[in-house]
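Each residue of the sequence shown is one higher than the one before, counting from 1 in the UniProt record's numbering. We put the CB at the ideal spot given by N, CA and C, even for glycine. Heads up: the structure comes next, in structure tokens.
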Amino acid sequence: MASHGVFLAIPTKRTWEVDFVKPLKSFIQETYGAAGNAEDHNAALNELNKLRNTIISKASDRHESALEAIYRYYDQLAVIEGKFPISENQVRINFKWQDAFDKESLFGGKKILSISSGVYEKACVLFNVAAIQSQVAETQNLGNDESLRLAAKLFQQASGVLAYMRLSVVPGIQCDPTPDLQPDTLNALSHLMLAQAQDCFARKAMNDKMKPAVTAKLAMQCSDFYSEALKLLQLDSIRQLWPKEWTNSAAGKQSGYHAAAEFYQSQVAKESKDFGEEIARLRHCKELILASEMRSGAQFIFQDLQKKITKSLAEAEKDNDFIYHARVPDISSLTPIGKAVVAKSMPITVPLSKQFKDLFEKIVPLAVHQSVVACENRRMLIVNSEIGRLRDATQLLNSILASLNLPAAIEDLGGQEIPKSMSAKAAEIKQYGGFDCLEKLINDLPGLLQRNKEILDESDRMLNEEEASDTQLRNQFRERWNRTPSSKLTESIRSEASKYRTIINNAIDADAVVRERFSKHRDDIMLLSQSDGCIQSSLPSSGPNASLQNHPAVLELRSLLKNVENIKSTRDQLENEIKNAPLNDMAGQFLSALLKDGAIDEESLSLQKLDSIYGTMRERVSENIRGQEDLLQKIQAANNKFSEAKVQNTSGVAREEKLKSLASAYDSFTELKGNLEEGTKFYNDLTVILVKFQSKVSDFCFARKTEKEELLKDLSAGIARQSTAPTPVAPAYQKPEAPVATPRSSIPQASAGQELPPPQAAANYPGQPQVPPYPSSFSVPYTAFRTSAGQELPPPQASANYPGQHQVPPYPTSFSSMPYPASQAPLPNTYNPYYQPCPQAYPPQAYAQYNPAYPPQYPNYPAQQQYPSYQPR
């Protein structure tokens, strides 16, 4: 598992073959009946089996062909997840995967999990995707630019895959996964891959001899990434998974790249003639590189940098001593080195393979078919409603014109008119809704803005309350509150909220500019939004009208009647568009929703799709009807002015200036309308995004609340189990006497005169020693032991349970146990064949410990007396 190169590669998970054909074929037949071609299904199922067998055979290949194979298989998994629900209670296919870091120890056994879950299969396959990406990256030639770029890309992709697994895939597994799929494991591996990606960029900068300031920032960020990865690798829950070389490598690179950053920053100081700073940084470099060498061990890779540092420091100190005599500042007083984040986790995008083709594209879930039918019914309701509105409006228009005897009544009349270009501009403004439309857009912006601010403020409030609660409980319970702090978990969420806050602030500034421009042209836009007669009346006249036939009201009526024909023509076109509007790929959208969310919100998706198709058409129908209403009002007003025409005279210069002002107002209207519509759409789109963001925050806070409640429950139960009664003081006769050290000279020797080895720690009793195997032939001269009354104790007898061994006869319980020399630990009772335990009522400290090789000492007896020993038979 340990990488033999510069980088660390994740080991792949081992899996076993499964059969897709039989269970999936049965499901297709039961669910879809005769739909589709049976042979096509068989071919697709066989191909799916082949793809999975390929990833098993290529699991150990460190080549891009192995990546392409696993990409193709994962793409099929993503597609069939919604079509074939693989689970315990539906399509049962057991996927068996082994932990990637399983050492297969004799006592620990193998960590293998076998469950029927499509989500579990996806998680395991994604883990191998990241593993093979890291393995292919590890094999690249780091001296080649293309290979280095590929390695950086693959490491970033692996980091993104692992992060995606941790957040979106593994939580869907219904049981505890193997250790390699635990969130802490995936998070640590994701950060490690990200650090190695930054490593590639820093290495390329050094290879290409980029500017020292840039290289220093890249290296410093690389050191930070390795520092974060090292922290995660050393978490208590996962630190036993990987070999020691992994943490050594990460720790060494953390110090090594810090040293590299200081080294290149020292070159910056040298270029700026700051020789004191150069020496201070080089000295710090030397300390850091020595720390890297000590931490890395065999994984130390900065030998060349170490030589450069040593050489540069010697030259700098020599030059400073003989030439510059600059004061060398303390390293802590220097400006910290900046950081340049280049490596980022790449989000996963499906399909992964460029050659993706859905093997089961003819299979459509029943839920999708039902949703398509419901969507079609909604579409027909919209079509009938809009066509009915158009036809009713046409009927009303024809009846009103007939009552006014138009257009026959004005065929021979004429009069003065405004410029045609200005009339066209005014008509266009009125077509877009005129001043009222623009004013409404401006007046709606504050409400849209306030809604977005309230959503974002509410999200911040929930995050702050959750973090405050977590902090309060952490201060209360201290180390017992062992869950991850909220500040760490919400870094990305708060960063996203800060981004949205910046976007809103920028939008507020842009809105102020739009309002200022609107205020400047307000009156002229309002004028252009009125009828041509109002515009004409506001314009200074250049001379009298030629005759009554050219009266503005008559000309206006003629123009309005042409608009009537245009309205009718537009309605015919709209009706055809509404009838023939295509409703494409709804099945695909429903299927995508099913694959993504596991369910279909038919109403929401249908309304969204239908609104995107018919929303504009509906607006055009409404505008057409509103235009008809405005048109009818203008026709009625012009008809009333027919006999009341008046000639107005004014200066030609004033008329020209007014026309210029109106032209400028028209340009402003066009631009402002586009800006306001974009702003309105922006706020509405942002609302959708912020609502989703708020939902994510709400889910996070709810999950943390649930976790908090469970942890509080556990802590309360633990506190309740704690004993509140004080421990009674042991009586005097139970206390052991002070131990007396046995001199080293009294330790038994082997028959050859060789000193016996000291006892070692027992595997079953950590922290306690065990009796080492001693030679079978050694002897210790026997010296009789006597009681305080002078009675000689009997010699030891042979033990029936230990043939060839001896047991200690029953001695009085009032003597203290023999201590081992101060430099050694006491011997365990379990491994002493002569040990006879005291009653359980006595504390363990009072038990005498016996060892045939180390004689005990009894109270009131001379220290030179030794334990009897017999020659083994």
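- Following the DSSP letters along the chain, one finds L113 inside the beta strand (DSSP E) bounded by residues I112 to I115.
- In this structure, DSSP gives K96 an extended state, which the three-state scheme calls strand.
- Shown here for S423: same chain residues with a beta carbon closer than 6 angstroms to its own, the five before and five after excluded, namely D532 in chain order.
- Judged by pairs of C-beta atoms under 8 angstroms, the stretch 140–148 does not touch the stretch 117–130, as fewer than three such pairs exist.
- The C-beta distance from A665 to H521 rounds to 4 angstroms, short enough to fall under 8 angstroms.
- DSSP places I86 in the strand class (E or B) of the three-state scheme.
- When the beta-carbon positions are compared, I429 and F518 stay at least 8 angstroms from each other.
- Approximately 6 angstroms separates the beta-carbon atoms of V169 and K122; this is inside 8 angstroms, confirming the contact.
- Within the same chain, Cβ atoms closer than 6 angstroms to the Cβ of D511 are found at L445, the five residues on either side in sequence being excluded.
- Considering only M462, L574, G143 and S529, the residue with the shortest C-alpha distance to A427 is S529.
- For W246, the enclosing alpha helix (DSSP H) has its first and last residue at K244 to E271.
- Segment contact: the stretch 226–239 against the stretch 266–278, fewer than three CB-CB distances shorter than 8 angstroms; contact not assigned.
- Closest in alpha carbon position to R515, among I613, C124, R501 and L672, is L672.
- Its chain contains V6, L148 and R203 as the residues whose beta carbon lies nearer than 7 angstroms to that of L142, once the 5 sequence neighbours on both sides are disregarded; these appear in chain order.
- DSSP places A581 outside any alpha helix (DSSP H), giving it a letter other than H or E.
- Here the alpha carbon of K307 sits roughly 52 angstroms from the alpha carbon of S469.
- Nearest C-alpha to L51 among N384, H63, E68 and R166: E68.
- Q196 sits buried, since 16 or more C-beta atoms from the chains shown fall within 10 Å of its C-beta.
- Sixteen is the threshold: when 16 or more other Cβ atoms of the shown chains lie within 10 Å of the Cβ of G160, as they do, the residue is buried.
- M294 counts as exposed, since fewer than 16 other C-beta atoms from the protein chains shown sit within 10 angstroms of its C-beta.
- The stretch 271–291 and the stretch 306–321 touch, with three or more beta-carbon pairs separated by less than 8 angstroms.
- Taking the CA atoms as reference points, T570 sits about 10 angstroms from N563.
- Assignment of T15 by DSSP, reduced to helix, strand and coil, places it in the strand class.
- Non-local beta-carbon contacts of E577 in its own chain, meaning distances under 8 angstroms to residues more than five positions away in sequence, involve M617 in chain order.
- Within the DSSP bridge table, the entry for V91 names I86 as partners.
- For I508, the number of other beta carbons within 10 angstroms of its own is below 16, and it is reported as exposed.
- Linking I625 to A393 through their CA atoms gives a straight-line distance of about 7 angstroms.
- With a cutoff of 8 angstroms on beta-carbon distance, V342 and F201 are scored as near each other.
- In this structure, the straight-line span from the alpha carbon of I613 to that of G82 is close to 27 angstroms.
- For P212, the enclosing alpha helix (DSSP H) stretches over residues P212 to L233.
- Put simply, of F477, V513 and E677 the residue whose alpha carbon is nearest the alpha carbon of L712 is F477.
- The residue among F693, I323 and D524 with its C-alpha nearest the C-alpha of I493 is F693.
- DSSP, reduced to helix, strand and coil, places T54 within a helical segment of the structure shown.
- Nearest C-alpha to L154 among R378, K209, K231 and E64: E64.
- Scanning its chain for C-beta atoms nearer than 8 angstroms, with the 5 sequence neighbours on each side dropped, one finds around R166 the residues P183, L186, N187 and S190, in chain order.
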